[in-house]
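Novice: Numbering (full-length UniProt numbering), first residue to last: 1 to 339.
Note that CB positions come from ideal geometry on N, CA and C, so glycine has one too.
If you're wondering where the values come from, they're calculated on a predicted model, not measured in any experiment.
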């Protein structure tokens, strides 16, 4: 039984309930450190009210809202990368009060040495790795675009945004040539991209394609891009003279731009009004499976996103001989287990 295997590895996966009696987002892990002290790390979740016992760490893998950094950043027990902390402060206009480290560095949390690794999902996106008292290697990835630098582990906690092998939309490759053609074929072109993550990747690609002119962006997107990228080049606002040029704006703001600008959305979703160029910040279904095979865990726990993708990816892993459990099973299967 997979839940028994986790317990044998010295790891308890659990979901906590909030004041309304429903499960908080995502999960927590309980284990013992080298000194035998019980520790709890909560992963990509909202804070526990102050009147209740706090986890030893709120691990924030990156600054997207569905990973709940807006809440966790207000706890002194928060842990994230320096770029994630900066992005959270810009996005939410609040002071990050937790602990930071550079991606690739090590930070000690309550007697636990936690190593960090890049996932390339966003600037500053971080995977966390540590060992418990019995030597079990634990890796939390968050969302992943590039798994090449992630280490092997015994317990893997990962995502399944595009983890349904039966869904054709979960199989894709980035259409870099399509984006390059769109950039240079039109005198004025706009790319729809979320302000954090996709917008910065769009700028990196635009510069990589050889465009060195100004890129027009909304003020907060400019602030994020300048903070995240060292070589973003010239970034300007919409109030600059003229209507020509290259724009990077939120997909829902494309219709606010002048009619003569050619408009695209950078996404793997196909439900937008404007033409879509497939540019993703995630691994597709095959990439996720290859990542798990490479990391070679004894147990894989799939915790993100909402909906049935975690369950579908977990079932797929089990079908190919990789022991896995999904977040929807945790509250029912593991909440009454103890180390």
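Comparing the C-beta of residue 306 with each C-beta of chain C, is any distance below 8 Å?
Specialist: Looking at the structure shown, chain C is missing, and only one protein chain is on hand.
Novice: With C-beta atoms as the reference, is residue 111 less than 8 Å away from residue 161?
Specialist: Along the chain shown, read from residue 1 onward, the residue named residue 111 stands at position 111. Along the chain shown, read from residue 1 onward, the residue named residue 161 stands at position 161. Not a contact, by the Cβ cut-off of 8 Å.
Novice: Pair every Cβ in the stretch 218-226 with every Cβ in the stretch 287-305, then say whether three or more of these pairs are closer than 8 Å.
Specialist: The stretch 218-226 vs the stretch 287-305: no contact.
Novice: Taking a contact to mean a Cβ-Cβ separation below 8 Å, would you say residue 193 touches residue 199 in this structure?
Specialist: As a working note, residue 193 is residue 193 in the chain shown. As a working note, residue 199 is residue 199 in the chain shown. Cβ atoms of residue 193 and residue 199: closer than 8 Å.
Novice: If you draw a straight line from the C-alpha of residue 140 to the C-alpha of residue 61, how long is it?
Specialist: Counting from one through the chain shown, the residue named residue 140 turns up at place 140. Counting from one through the chain shown, the residue named residue 61 turns up at place 61. Each residue's alpha carbon lies about 8 Å from the other.
Novice: Would the stretch 144-160 and the stretch 307-314 be scored as touching if the rule is three or more Cβ pairs under 8 Å?
Specialist: As far as the Cβ criterion goes, the stretch 144-160 touches the stretch 307-314, which means the pair count is three or higher.
Novice: Would you mind listing the alpha helix (DSSP H) stretches within the stretch 76-120 that are 4+ residues and don't spill past its ends, in chain order?
Specialist: If we require 4 residues or more, the alpha helix (DSSP H) runs fully inside the stretch 76-120 come out as 82-92.
Novice: Pick helix, strand or coil for residue 221, following the three-state DSSP scheme.
Specialist: Working through the chain shown from its first residue, we reach residue 221 at position 221. Three-state DSSP puts residue 221 in a helix.
Novice: Classify residue 263: buried if its beta carbon has 16 or more other beta carbons within 10 angstroms, exposed otherwise.
Specialist: Walking along the chain shown from the start, residue 263 turns up at place 263. By the neighbour-count rule (16 or more Cβ atoms within 10 Å), residue 263 is buried.
Novice: Could you tell me the alpha carbon to alpha carbon distance between residue 339 and residue 285, rounded to whole angstroms?
Specialist: Here residue 339 corresponds to residue number 339 of the chain shown, with the count starting at 1. Here residue 285 corresponds to residue number 285 of the chain shown, with the count starting at 1. Low confidence applies here, because residue 339 scores a pLDDT of 37, under 50, leaving its location unreliable; read the following figure in that light. In a straight line, the C-alpha of residue 339 is about 33 Å away from that of residue 285.
Novice: Looking at the secondary structure, which residues open and close the beta strand (DSSP E) in which residue 192 lies?
Specialist: Stepping through the chain shown from its first residue, residue 192 is reached at position 192. First-last of the beta strand (DSSP E) with residue 192: 188-192.
Novice: Could you give the DSSP three-state label for residue 172: helix, strand or coil?
Specialist: Translated into positions along the chain shown, residue 172 becomes position 172. Note: residue 172 maps to coil in three-state DSSP.
Novice: Using only the alpha-carbon positions, how far apart do residue 238 and residue 125 sit?
Specialist: Position 238 of the chain shown holds residue 238. Position 125 of the chain shown holds residue 125. Computed Cα separation, rounded: 29 Å.
Novice: Sorted by chain position, which residues of the same chain lie with C-beta nearer than 6 Å to residue 131's C-beta, five sequence neighbours on each side aside?
Specialist: On the chain shown, position 131 is the one that residue 131 refers to. Hits under 6 Å: 137.
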